[in-house]
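Chains as they are written, first to last, in numbering that gives the first Met the number 0: chain L, 0 to 344; chain P, 0 to 344.
For glycine and all other residues, C-beta sits at the position ideal for the given N, C-alpha and C.
These numbers come from a predicted model, not from an experiment.
One structure is given below, encoded as structure tokens.
Number of protein chains: 2
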Amino acid sequence: MDGSELPQGKLESPALNDAVLVEVTRGDRVESVHRGHAVVCDAKGGVLWSLGDPGAVIYPRSSCKMIQALPLIESGAADEAGLSPQELALACASHQGAAIHSDPISRWLARQGFRDEDYRCGAETPRDTSTREALIRAHGAPRQIHNNCSGKHAGFLTLNRHLGGGPDYELPDHPVQVAIRQAFEEVTGEPSPFYGIDGCSAPNFATSMTGLARAMARFAAADPESDPRERAMVRLREAMAAHPELVAGEGRACTELMRAMDGVAIKTGAEGVFIAILPCEKLGVAVKITDGTTRASECAIAAILVRLGVLDPRHPAAVKRMTPTLRNWRGMQVGAIRPALALMG
Amino acid sequence: MDGSELPQGKLESPALNDAVLVEVTRGDRVESVHRGHAVVCDAKGGVLWSLGDPGAVIYPRSSCKMIQALPLIESGAADEAGLSPQELALACASHQGAAIHSDPISRWLARQGFRDEDYRCGAETPRDTSTREALIRAHGAPRQIHNNCSGKHAGFLTLNRHLGGGPDYELPDHPVQVAIRQAFEEVTGEPSPFYGIDGCSAPNFATSMTGLARAMARFAAADPESDPRERAMVRLREAMAAHPELVAGEGRACTELMRAMDGVAIKTGAEGVFIAILPCEKLGVAVKITDGTTRASECAIAAILVRLGVLDPRHPAAVKRMTPTLRNWRGMQVGAIRPALALMG
Numbered sequence: 000m001d002g003s004e005l006p007q008g009k010l011e012s013p014a015l016n017d018a019v020l021v022e023v024t025r026g027d028r029v030e031s032v033h034r035g036h037a038v039v040c041d042a043k044g045g046v047l048w049s050l051g052d053p054g055a056v057i058y059p060r061s062s063c064k065m066i067q068a069l070p071l072i073e074s075g076a077a078d079e080a081g082l083s084p085q086e087l088a089l090a091c092a093s094h095q096g097a098a099i100h101s102d103p104i105s106r107w108l109a110r111q112g113f114r115d116e117d118y119r120c121g122a123e124t125p126r127d128t129s130t131r132e133a134l135i136r137a138h139g140a141p142r143q144i145h146n147n148c149s150g151k152h153a154g155f156l157t158l159n160r161h162l163g164g165g166p167d168y169e170l171p172d173h174p175v176q177v178a179i180r181q182a183f184e185e186v187t188g189e190p191s192p193f194y195g196i197d198g199c200s201a202p203n204f205a206t207s208m209t210g211l212a213r214a215m216a217r218f219a220a221a222d223p224e225s226d227p228r229e230r231a232m233v234r235l236r237e238a239m240a241a242h243p244e245l246v247a248g249e250g251r252a253c254t255e256l257m258r259a260m261d262g263v264a265i266k267t268g269a270e271g272v273f274i275a276i277l278p279c280e281k282l283g284v285a286v287k288i289t290d291g292t293t294r295a296s297e298c299a300i301a302a303i304l305v306r307l308g309v310l311d312p313r314h315p316a317a318v319k320r321m322t323p324t325l326r327n328w329r330g331m332q333v334g335a336i337r338p339a340l341a342l343m344g
Numbered sequence: 000m001d002g003s004e005l006p007q008g009k010l011e012s013p014a015l016n017d018a019v020l021v022e023v024t025r026g027d028r029v030e031s032v033h034r035g036h037a038v039v040c041d042a043k044g045g046v047l048w049s050l051g052d053p054g055a056v057i058y059p060r061s062s063c064k065m066i067q068a069l070p071l072i073e074s075g076a077a078d079e080a081g082l083s084p085q086e087l088a089l090a091c092a093s094h095q096g097a098a099i100h101s102d103p104i105s106r107w108l109a110r111q112g113f114r115d116e117d118y119r120c121g122a123e124t125p126r127d128t129s130t131r132e133a134l135i136r137a138h139g140a141p142r143q144i145h146n147n148c149s150g151k152h153a154g155f156l157t158l159n160r161h162l163g164g165g166p167d168y169e170l171p172d173h174p175v176q177v178a179i180r181q182a183f184e185e186v187t188g189e190p191s192p193f194y195g196i197d198g199c200s201a202p203n204f205a206t207s208m209t210g211l212a213r214a215m216a217r218f219a220a221a222d223p224e225s226d227p228r229e230r231a232m233v234r235l236r237e238a239m240a241a242h243p244e245l246v247a248g249e250g251r252a253c254t255e256l257m258r259a260m261d262g263v264a265i266k267t268g269a270e271g272v273f274i275a276i277l278p279c280e281k282l283g284v285a286v287k288i289t290d291g292t293t294r295a296s297e298c299a300i301a302a303i304l305v306r307l308g309v310l311d312p313r314h315p316a317a318v319k320r321m322t323p324t325l326r327n328w329r330g331m332q333v334g335a336i337r338p339a340l341a342l343m344g
């Protein structure tokens, strides 16, 4: 199953009509350039502002984990399992496998009687430096719990127990993924034209840039007094914003930028995707860098958050992404990464 | 010194008039796209074929190490120091700090009475997995000898001893770098409009794509019976082609692709640069990926080498760069990297 059997939508390159978003300099010259698409949607799902093509169809990758967690809550599975806000944040995380991530997820699995072997995400070397180096010193092998998606998959396992599906919860026609696809299409407001298989083996449903930003605006505008979907959205966005260290990890953009803002939830995705949920402004943001580079998606989302008035450009976490000084092996300043003029507003 | 005091040439973005060179797919959809410039020059320095803008000005980064090694030979310093072909290959290398790299470079330094502290390249964690993990297990710190440029800098130290310059051989106005700039401008056939400081602290002189490809065509067409410059070019291209494992390391594109060809020398550079020297065809190739991504420069150079008839597209080293299957953490095939149609010829 790799998505290739699905009926085909229009096959367009993400390079079509993209815009220069980020520049990398050396000396005072531009050495490299990153293009992409950026969309800000308002509470009604309208496009408030965009660069590039808001109609470009992309894989949201891990940026949509809070959408994938909606059925976990809406089904009643999360409350049945007594999931805490920390566990909901981990369900939305691309964590780096530090003890602060793997320990609570292990306890979550154990509480439900699941083992590492029940996972379908695959083993991944932890990105957390001290955890990785400790593993190397112990001549140990990474396990599935170290996979950056192991919190999301703990959510899949928990939802699957509630739904009573078979063990292959990652297959696109499994009830877990069918429920996620339905939620995904409802919140993006579009049928998903195709899917691909993600790094963690789950299907990743494609959407337009506008669809992704619209979904995030719905998370942003969701009312805790409203229907079950909006209440689930509020719980997830609040869990992410309250536990930024669980959503990524120390030193990472999601964690450091969320700490620098008040109540804003943001999330990275592979291949240059980034989203933001701004509850006070009731806005949703989506960014895709055409070439898939994380240094550029981090710079672009930071610049947009500054532009929208929720991130102080002088905050160290903002400076680190928007205008980081590139230093060489001897610590000399050799260049910088910076938002392109069009992004500065 | 960061190059910013230099008179300014035209400040153009490398994104101007670039072409789609490489696509990254997931399922059967294009998820990410890499653009860039590619030029093939013939023995007379004319542009035989190009994609993107052959006039684009770039930093060649480490792709021009064989140019930086020319004064080492032409000055007589290399023969005075009795440098072997292996040591000349290491002078042109971006190695990964394995013992096969650091051991011979250490012996080269020791033979000349130099110590690690004489280096100006900075300490870099070795990229070779077993060397890096051994260092972690020993709680050791990387040294300057582990820097991927430590062979080039051993050449700088050797040239500097011959020239009698001061210890700061990396400064742009030092005799070592002045000699390199002169050689660089002669072989590219252009004045270098500006420079930046490279990762290893040495100046990196800018050139047009055509200038870089022209320089490589001169290396390719150089005659061992001709003048000192051409003889130096032959020694360097032959040293690289004869010792591919020294130019990069096991698993790396330079090493594996050179082993797959006969007498062709190739070299990667940071921020998406790649060059090739084809002696039988007397052709030089230069590639720059606008967004600076190595996965794309490796794919593009492999496709061009196939197109020029010197690389078998079925060779595993070619398949690994031109159409590598992207697998997820469980080993499932999820996508691929492939040359864009325009590159396939």
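Name the residue from the options whose alpha carbon lies nearest to the alpha carbon of residue i.
i: glycine 283/L; options: Val38/L, Tyr118/L, Asp27/L; result: Val38/L
i: alanine 205/P; options: Pro13/P, Val56/P, Ser12/P, Ala42/P; result: Val56/P
i: isoleucine 274/L; options: Asp17/L, Gly139/L, Pro59/L, Glu30/L; result: Pro59/L
i: asparagine 404/L; options: Asp226/L, Gly75/L, Tyr194/L; result: The question about residue 404/L has no answer here: the residues shown for chain L are numbered 0 through 344.
i: glycine 150/P; options: Glu184/P, Ser49/P, Cys199/P; result: Cys199/P
i: histidine 33/L; options: Gly188/L, Gly308/L, Val272/L; result: Val272/L
i: alanine 316/P; options: Asn203/P, Arg251/P, Lys287/P; result: Arg251/P
i: methionine 65/P; options: Thr24/P, His314/P, Ala240/P, Lys287/P; result: Ala240/P
i: histidine 242/L; options: Arg119/L, Glu86/L, Cys148/L; result: Glu86/L
i: asparagine 16/P; options: Leu50/P, Glu22/P, Val23/P; result: Leu50/P
i: phenylalanine 193/L; options: Asn327/P, Thr292/P, Thr24/P, Asp115/P; result: Thr24/P
i: threonine 293/P; options: Glu11/P, Arg228/P, Val21/P; result: Val21/P
i: glutamate 73/L; options: Arg228/L, Ala264/L, Glu132/L; result: Arg228/L
i: isoleucine 179/P; options: Ile196/P, Asn203/P, Gly195/P; result: Asn203/P
i: alanine 262/L; options: Gly248/L, Phe218/L, Cys298/L, Lys287/L; result: At residue 262/L the sequence reads glycine, which differs from the alanine that was named. For glycine 262/L, the nearest C-alpha among the options comes from Phe218/L.
i: glutamine 176/L; options: Gln67/L, Arg119/L, Pro278/L; result: Gln67/L
i: alanine 14/P; options: Thr254/P, Leu134/P, Asp52/P, Leu235/P; result: Asp52/P
i: valine 29/L; options: Gly35/P, Ile276/P, Ala201/P, Ser12/P; result: Ser12/P
i: tryptophan 107/L; options: Met321/L, Cys279/L, Asp78/L, Asp222/L; result: Asp78/L
Answer yes or no: do residue i and residue j have a C-beta to C-beta separation smaller than 8 Å?
i: alanine 231/L; j: leucine 82/L; result: no
i: alanine 335/P; j: proline 323/P; result: yes
i: leucine 245/L; j: isoleucine 99/L; result: yes
i: glutamate 80/L; j: threonine 157/L; result: Residue identity check: residue 80/L is alanine in the sequence provided, not glutamate. Yes. Within cutoff.
i: histidine 145/L; j: glutamate 123/L; result: yes
i: arginine 329/L; j: glycine 121/P; result: yes
i: alanine 301/L; j: leucine 256/L; result: yes
i: lysine 319/P; j: alanine 220/P; result: no
i: serine 191/P; j: glutamate 184/P; result: yes
i: methionine 343/P; j: alanine 285/P; result: no
i: valine 46/L; j: threonine 209/L; result: yes
i: aspartate 167/P; j: histidine 173/P; result: yes
i: glutamate 348/P; j: serine 31/L; result: No answer is possible for residue 348/P: it lies beyond the span of chain P, which begins at 0 and ends at 344.
i: threonine 130/L; j: alanine 182/L; result: no
i: serine 225/L; j: glycine 54/L; result: no
i: glycine 26/L; j: glycine 195/P; result: yes
i: aspartate 127/P; j: glycine 248/P; result: yes
i: leucine 307/P; j: methionine 260/P; result: no
i: arginine 142/L; j: aspartate 117/L; result: no
What in chain L is Cβ-close to residue i, meaning under 9 Å?
i: glutamate 183/P; result: Per the sequence shown, the amino acid found at residue 183/P is phenylalanine instead of glutamate. Under the 9 Å cutoff, chain L gives no residues; its nearest Cβ is about 16 Å from phenylalanine 183/P.
i: tyrosine 58/P; result: Arg25, Gly26, Arg28, Glu30
Strictly below 7 Å CB to CB, what residues from chain L border residue i?
i: glycine 198/P; result: Asn327, Trp328
i: cysteine 40/P; result: What cysteine 40/P touches in chain L: nothing, since even the nearest Cβ is about 22 Å away.
i: glutamate 270/P; result: Glu30, Ser31
Give the interface partners of residue i over in chain P, defined as CB-CB distance under 7 Å, in chain order.
i: arginine 136/L; result: Ile135, Arg136
i: glutamate 116/L; result: Neighbours of glutamate 116/L on chain P: none; closest Cβ ~13 Å, over 7 Å.
i: methionine 331/L; result: Ile196, Ser200
Going along chain L in order, which residues have a C-beta closer than 8 Å to the C-beta of residue i?
i: tyrosine 194/P; result: Gly26
i: valine 19/P; result: Ser12, Ala14
Assuming residue i contacts residue j (C-beta within less than 8 Å), just tell me the rounded distance between them.
i: cysteine 40/L; j: alanine 212/L; result: 4 Å
i: valine 19/L; j: alanine 238/L; result: Actually they do not touch by this definition, with Cβ atoms about 35 Å apart.
i: alanine 137/L; j: isoleucine 104/L; result: About 20 Å; that fails the 8 Å criterion.
i: serine 61/L; j: lysine 287/L; result: That belief does not hold up - the Cβ atoms of serine 61/L and lysine 287/L are roughly 13 Å apart, past 8 Å.
Flag residue i as yes when its Cβ comes closer than 7 Å to any non-hydrogen atom of the ligand HEM, and as no otherwise.
i: histidine 94/P; result: Within the structure as shown, the ligand HEM is missing, as the structure has no ligands at all.
Chain P contacts made by the stretch 285-316 of chain L, where a contact means CB separation under 7 Å
Per Cβ criterion, the list reads Thr289, Asp290, Gly291, Thr292.
Positions along the stretch 120-153 of chain L whose CB lies within less than 7 Å of some CB in chain P
Cys120, Gly121, Ala122, Glu123, Glu132, Ile135, Arg136, Asn146
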